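Q: Here it is, the structure, as structure tokens.
Chains as they are written, first to last, in full-length UniProt numbering: chain R, 1 to 168; chain W, 1 to 740.
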């Protein structure tokens with residue numbers, strides 16, 4: 001059983017080779033998580049597992065057993081978009097839109113990491129309780145999510161605006 | 001026309017909510033009943049013959065439905081080349097028709113199975129024997145005496161004006177250098193995906209990630225000898241393309257395999273397949289020689305470029321095009337050569353030719369400016385020609401000098417130190433560079449569109465066009481709303497389906513104006529239909545008006561002389577019609593016959609180069625563009641920024657590495673082919689002049705590609721300014737900066 005976007009799913013994992021990404025896309029029918037490389041190189045498949053961002057292409061579906069998975073389809077609120085998603089639109093933080101679900105999920109996980117005091121290479125002080133989400137921090141921490149259309153400026157602006165007062 | 005135009009407004013993307021919520025359905029996500037999945041087996045040698053294929057294990061692997069090789073593939077004719085506008089291929093290579101190997105990565109078998117995992121596994125069990133032959137693989141050995149292509153994108157391969165070499169010998173100042181750029185790969189994040197369902201022996205539907213719907217339909221008709229009317233190609237959301245998502249062998253093989261399997265089949269290329277099965281941008285070797293007077297005016301401009309293609313493919317990358325148009329000179333010596341190699345075909349990659357060609361030309365100009373001790377921007381301004389320097393045609397609109405002025409002021413160019421290696425911040429050397437950008441205006445022939453009015457006064461525009469992220473769906477609705485005189489929310493724009501009127505490929509920065517010209521024609525036809533429909537008691541009926549006598553505004557037709565008009569809804573209501581449709585064909589693109597039409601721009605950048613590690617970081621950017629009227633500032637800015645990002649990648653990190661012994665791409669993954677990431681990209685400032693081009697439909701010129709032109713040169717010139725080191729070989733990696 002995997003809880004996906006708040007709903008328990010008992011969808012059978014018929015092939016032990018099935019990645020979480022293929023399970024979500026092919027078996028559960030959630031196409032938000034994208035396949036861009038299937039080898040952990042692009043970040044398009046990023047989802048949240050128990051609130052932490054993971055690459056669904058490098059996670060076996062079986063590893064998600066008993067856990068809570070959130071895809072981009074599950075980040076909205078009250079049937080609408082999350083403010084982060086609204087900010088992506090407002091700042092034109094995408095063009096083709098293929099990396100976008102991964103960028104959105106990654107940003108949510110990243111903001112939580114910052115709040116939990118997980119440092120990055122550019123953090124001024126290791127061991128601080130938490131960090132300011134500066135554009136440099138955002139760029140560093142989001143660098144596992146490629147955008148070949150080059151919408152990076154818009155993505156950073158959307159994240160910065162959304163988490164100006166810390167993660168929600 | 002709308003009194004308060006919608007064109008020019010920063011309207012949010014129409015597909016934004018779908019894209020940020022995961023609701024946008026890309027090709028690999030289209031539900032199809034009874035679907036089987038395919039995987040490719042690709043050659044591991046670059047040249048030679050297949051001696052045998054053992055399918056025993058593969059055929060007996062779990063879930064395998066069918067395996068196709070050249071032994072059981074159907075007859076497949078050679079795909080028509082994109083350049084002919086009769087197809088969408090970059091290669092004339094036969095698709096699985098014989099035992100011959102033409103490049104390392106050529107598909108030699110396709111396996112169809114119940115699941116993608118089963119197909120991948122079975123593909124790994126296909127045993128292929130090869131008799132390798134010595135391939136054409138070593139560029140440096142083959143470039144000497146390389147032949148001229150028949151043409152370069154339709155233009156002459158050589159342009160000779162005067163005796164440039166003689167002028168060079170006697171010039172007061174002279175730069176004569178060789179510049180090199182490596183192979184590049186597009187790396188759209190969406191993997192190439194295609195799904196084919198045959199309805200009977202002679203008709204099929206293909207869902208494909210493509211930027212050439214109509215031309216894919218034509219290609220399939222040609223290769224399988226079918227009626228185009230029996231082929232439907234659908235392509236709604238495309239996850240990036242950049243010139244690569246045209247017709248390659250994988251779509252043809254997927255269709256053939258689906259017929260063999262008698263099942264709908266989906267093929268999603270692996271990331272390494274994308275690098276090896278499809279082609280990227282050619283490597284280039286370019287000599288640029290400039291002869292100048294002491295005042296900087298040019299007596300000679302020489303640009304000789306050698307590029308590569310696959311065997312018998314014929315796409316000569318137009319590297320010398322900037323040198324043909326940008327600067328005045330007394331003499332020109334422009335020449336292009338092509339080396340055929342056993343590699344994937346060369347394909348168009350964002351700003352093909354101009355991006356890498358401008359690296360050579362714009363670096364050489366920087367070298368000349370240094371030699372003359374003149375500001376590089378002033379050298380360029382001093383070379384501004386009154387008319388096209390090699391054809392003599394008048395420019396339709398060219399405002400480069402204004403772009404230089406605006407850019408210099410906005411960037412603070414005057415504060416740049418002209419002395420290389422003179423600014424430092426801790427371990428970082430700081431430098432500034434500039435380069436000019438240009439890209440041709442193109443409007444491809446053959447586009448059509450329809451406009452359908454419904455009784456509620458809404459309009460739907462349809463054309464088989466493409467949205468790979470450029471903003472097509474949004475900006476075309478904006479244009480159509482203005483043209484039809486409707487509010488934006490009453491206009492739908494439908495695209496990406498060959499059942500819609502034919503469209504041109506999305507390439508050459510040509511799609512936007514091509515669609516606009518089609519919509520203009522459709523709206524004119526619609527006007528005639530409306531007038532025909534207007535009943536005797538309509539206020540329009542008495543006017544005896546022709547299409548030229550009325551205008552489309554305020555949701556209806558209105559006589560230009562100010563008489564009473566009537567709304568579309570009222571005309572339809574009186575006539576008892578639920579809807580009214582008209583289709584039109586874009587006028588022939590004759591505007592380029594008499595005028596030199598181009599987009600222009602200027603790129604300014606600041607780099608920081610680490611003294612110890614040689615690492616180059618781009619810290620500031622400004623691009624100023626002269627691309628005619630901008631329909632949507634939001635999506636246009638993103639186009640410019642995105643192109644600059646790709647240019648920064650080409651400047652600093654991107655290189656597709658072929659092993660010259662085996663012809664195999666060594667870094668066929670996103671972990672080893674380094675596209676720019678978030679951390680590589682600073683805030684990018686962009687601006688544009690917005691002067692409508694008087695000869696272009698709506699005054700618009702292409703914005704998608706010019707933004708990449710000049711970027712690598714601006715970085716290289718900034719690195720020189722920072723360090724004193726002149727790097728003429730992309731990418732500018734730390735080893736080169738350190739002179740290792």
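Yeah, the Cβ is synthetic: ideal placement off N, Cα and C, and Gly gets one too.
If you're wondering where the values come from, they're calculated on a predicted model, not measured in any experiment.
Any beta carbon of chain R sitting closer than 7 Å to that of residue 12 of chain W?
A: For the purposes of this step, residue 12 of chain W is taken as residue 12 along the second chain, with counting starting at 1. It does: the Cβ of residue 12 of chain W has a partner Cβ on chain R nearer than 7 Å.
Q: May I ask you to report which of helix, strand or coil DSSP gives residue 253 of chain W?
A: Position 253 of the second chain holds residue 253 of chain W. Of the three classes helix, strand and coil, the one that applies to residue 253 of chain W here is helix, per DSSP.
Q: Name the DSSP bridge partner or partners of residue 493 of chain W?
A: On the second chain, residue 493 of chain W is found 493 positions in, with the first residue counted as 1. BP columns for residue 493 of chain W point to W/461.
Q: Check whether the Cβ of residue 393 of chain W lies closer than 7 Å to any Cβ atom in chain R.
A: Counting from one through the second chain, the residue named residue 393 of chain W turns up at place 393. Chain R contact via Cβ: absent.
Q: Determine, using beta-carbon pairs with one atom in the stretch 659 to 667 of chain W and one in the stretch 583 to 601 of chain W, whether at least three such pairs fall under 8 Å.
A: Too few Cβ pairs lie closer than 8 Å, so no.
Q: Tell me which residues share the same chain as residue 377 of chain W and place their Cβ nearer than 7 Å to its Cβ, disregarding the 5 neighbours each side in the sequence.
A: To locate residue 377 of chain W, count along the second chain from 1; it is residue 377. The answer, listed in chain order, is 404, 408, 413 and 434.
Q: When you compare the stretch 17 to 33 of chain R with the stretch 58 to 71 of chain R, are there three or more beta-carbon pairs, one atom per stretch, that lie closer than 8 Å?
A: The answer is yes - the stretch 58 to 71 of chain R touches the stretch 17 to 33 of chain R, with three or more Cβ pairs under 8 Å.
Q: Is the Cβ-Cβ distance between residue 506 of chain W and residue 466 of chain W less than 7 Å?
A: Indexing the second chain from 1 puts residue 506 of chain W at position 506. Indexing the second chain from 1 puts residue 466 of chain W at position 466. Yes.
Q: Determine the contact status of residue 616 of chain W and residue 146 of chain R, defining contact as a CB-CB distance below 7 Å.
A: Walking along the second chain from the start, residue 616 of chain W turns up at place 616. Walking along the first chain from the start, residue 146 of chain R turns up at place 146. No, these two residues do not count as a Cβ contact at 7 Å.
Q: Quick one: any contact between the stretch 1 to 15 of chain W and the stretch 80 to 100 of chain W, if contact means 3 or more CB pairs under 8 Å?
A: Counting Cβ pairs under 8 Å, fewer than three are found: no touch.
Q: Can you list, in chain order, the residues of its chain whose CB lies under 8 Å from that of residue 99 of chain W, leaving out five sequence neighbours each side?
A: Along the second chain, one-based indexing puts residue 99 of chain W at 99. Within the same chain, residue 99 of chain W has close Cβ partners 49, 50, 51 and 70.
Q: According to DSSP, is residue 141 of chain R part of a helix, a strand, or is it coil?
A: Within the first chain, numbered from 1, the residue matching residue 141 of chain R stands at position 141. It is helical.
Q: Sort W/554, W/521 and W/538 by Cα distance to residue 547 of chain W and report the nearest one.
A: To locate residue 547 of chain W, count along the second chain from 1; it is residue 547. Nearest of W/554, W/521 and W/538 to residue 547 of chain W, Cα basis: W/521.
Q: Could you check if residue 8 of chain R is buried or exposed, using at least 16 other CB atoms within 10 Å of its CB as the buried criterion?
A: Translated into positions along the first chain, residue 8 of chain R becomes position 8. Exposed is the call here.
Q: Ordered along the chain, which non-local residues of its own chain (more than five positions away) have a Cβ less than 6 Å from that of residue 713 of chain W?
A: Locating residue 713 of chain W in the second chain gives position 713, where the first residue counts as 1. Taken in chain order, the residues that qualify are 358, 359, 362, 363 and 435.
Q: Can you tell me which of R/15, R/79 and R/12 puts its alpha carbon nearest to the alpha carbon of residue 5 of chain R?
A: Start at 1 with the first residue of the first chain, and residue 5 of chain R comes out as number 5. Of the listed residues, the one whose Cα sits closest to residue 5 of chain R is R/79.
Q: Who are the near neighbours of residue 77 of chain W in its chain, counting only those whose CB is closer than 7 Å to its CB and skipping five residues on each side?
A: By one-based count along the second chain, residue 77 of chain W stands at place 77. Closer than 7 Å at Cβ, skipping near neighbours: 222, 223 and 225.
Q: With a cut-off of 7 Å, does the C-beta of residue 491 of chain W fall near any C-beta of chain R?
A: If you number the second chain from 1, residue 491 of chain W lands on position 491. Residue 491 of chain W does not count as touching chain R.
Q: Since residue 268 of chain W and residue 193 of chain W should fall inside the 8 Å C-beta cutoff, what is the C-beta to C-beta distance between them, to a whole number of angstroms?
A: Against the second chain, residue 268 of chain W aligns to sequence position 268. Against the second chain, residue 193 of chain W aligns to sequence position 193. With 8 Å as the limit, residue 268 of chain W and residue 193 of chain W qualify as a contact, their Cβ atoms being about 4 Å apart.
Q: For residue 48 of chain R, go through chain W and note every residue whose CB falls closer than 7 Å to its CB, in chain order.
A: Residue numbering aside, residue 48 of chain R sits at position 48 when the first chain is read from its first letter. Neighbours of residue 48 of chain R on chain W: none; closest Cβ ~13 Å, over 7 Å.
Q: Inspect the beta-carbon positions of residue 354 of chain W and residue 335 of chain W and report whether they are closer than 7 Å.
A: If you number the second chain from 1, residue 354 of chain W lands on position 354. If you number the second chain from 1, residue 335 of chain W lands on position 335. No.
Q: Report all residues from its chain with a CB closer than 7 Å to the CB of residue 487 of chain W; omit the five preceding and five following residues, and keep chain order.
A: As a working note, residue 487 of chain W is residue 487 in the second chain. Closer than 7 Å at the Cβ level, and outside the excluded window around residue 487 of chain W, lie 481.
Q: Tell me the rounded alpha-carbon separation between residue 518 of chain W and residue 38 of chain W.
A: One-based indexing of the second chain puts residue 518 of chain W at position 518. One-based indexing of the second chain puts residue 38 of chain W at position 38. If I take the Cα positions, the gap works out to 38 Å.
Q: Out of W/541, W/147 and W/341, point me to the one whose CA is closest to residue 47 of chain W's CA.
A: As a first step, residue 47 of chain W must be located in the second chain, where it is residue number 47. Checking every option, the nearest Cα to that of residue 47 of chain W belongs to W/341.
Q: According to DSSP, simplified to helix, strand and coil, what is residue 9 of chain R?
A: Within the first chain, numbered from 1, the residue matching residue 9 of chain R stands at position 9. Three-state DSSP puts residue 9 of chain R in a strand.
Q: Mind reading off the beta-carbon distance from residue 384 of chain W to residue 365 of chain W? Whole number of angstroms is fine, and I expect it under 8 Å.
A: One-based indexing of the second chain puts residue 384 of chain W at position 384. One-based indexing of the second chain puts residue 365 of chain W at position 365. So it is not a contact: roughly 13 Å between Cβ atoms.
Q: From residue 448 of chain W to residue 526 of chain W, what distance separates their C-alpha atoms?
A: If you number the second chain from 1, residue 448 of chain W lands on position 448. If you number the second chain from 1, residue 526 of chain W lands on position 526. Roughly 13 Å separates the two Cα atoms.
Q: To the nearest angstrom, how far is it from the Cα of residue 127 of chain W to the Cα of residue 64 of chain W?
A: Along the second chain, read from residue 1 onward, the residue named residue 127 of chain W stands at position 127. Along the second chain, read from residue 1 onward, the residue named residue 64 of chain W stands at position 64. Their Cα atoms are separated by approximately 16 Å.
Q: Closer than 8 Å, Cβ to Cβ, to anything on chain R: give me those residues from the stretch 267 to 292 of chain W, in chain order.
A: Cβ contacts with chain R come from 268, 270 and 271.
Q: Between the alpha carbons of residue 136 of chain R and residue 606 of chain W, how many angstroms are there, rounded?
A: To locate residue 136 of chain R, count along the first chain from 1; it is residue 136. To locate residue 606 of chain W, count along the second chain from 1; it is residue 606. Roughly 17 Å between the two C-alpha positions.
Q: For residue 743 of chain W, go through chain R and note every residue whose CB falls closer than 7 Å to its CB, in chain order.
A: Outside the displayed range of chain W (1 to 740) lies residue 743 of chain W, so it cannot be described from this structure.
Q: List the residues of chain R that residue 466 of chain W touches, going by C-beta distances under 7 Å, in chain order.
A: One-based indexing of the second chain puts residue 466 of chain W at position 466. Result: empty, since nearest Cβ-Cβ is about 11 Å, beyond 7 Å.
Q: Measure how close the beta-carbons of residue 397 of chain W and residue 691 of chain W come, nearest whole angstrom, since I'm counting them as under 8 Å.
A: Numbered from its first residue, the second chain carries residue 397 of chain W at position 397. Numbered from its first residue, the second chain carries residue 691 of chain W at position 691. That belief holds up - the Cβ atoms of residue 397 of chain W and residue 691 of chain W are roughly 6 Å apart, short of 8 Å.
Q: If we call anything under 7 Å between Cβ atoms a contact, is residue 213 of chain W one with residue 196 of chain W?
A: Here the question's residue 213 of chain W lines up with position 213 in the second chain. Here the question's residue 196 of chain W lines up with position 196 in the second chain. Contact: no.
Q: Ends of the beta strand (DSSP E) at residue 286 of chain W?
A: As a first step, residue 286 of chain W is located in the second chain; it is residue number 286 there, counting from the start. Here the beta strand (DSSP E) through residue 286 of chain W covers 284 to 292.
Q: Identify the continuous beta strand (DSSP E) that holds residue 200 of chain W and give its terminal residues.
A: For the purposes of this step, residue 200 of chain W is taken as the residue at position 200 of the second chain. From DSSP, the beta strand (DSSP E) with residue 200 of chain W extends over 193 to 200.
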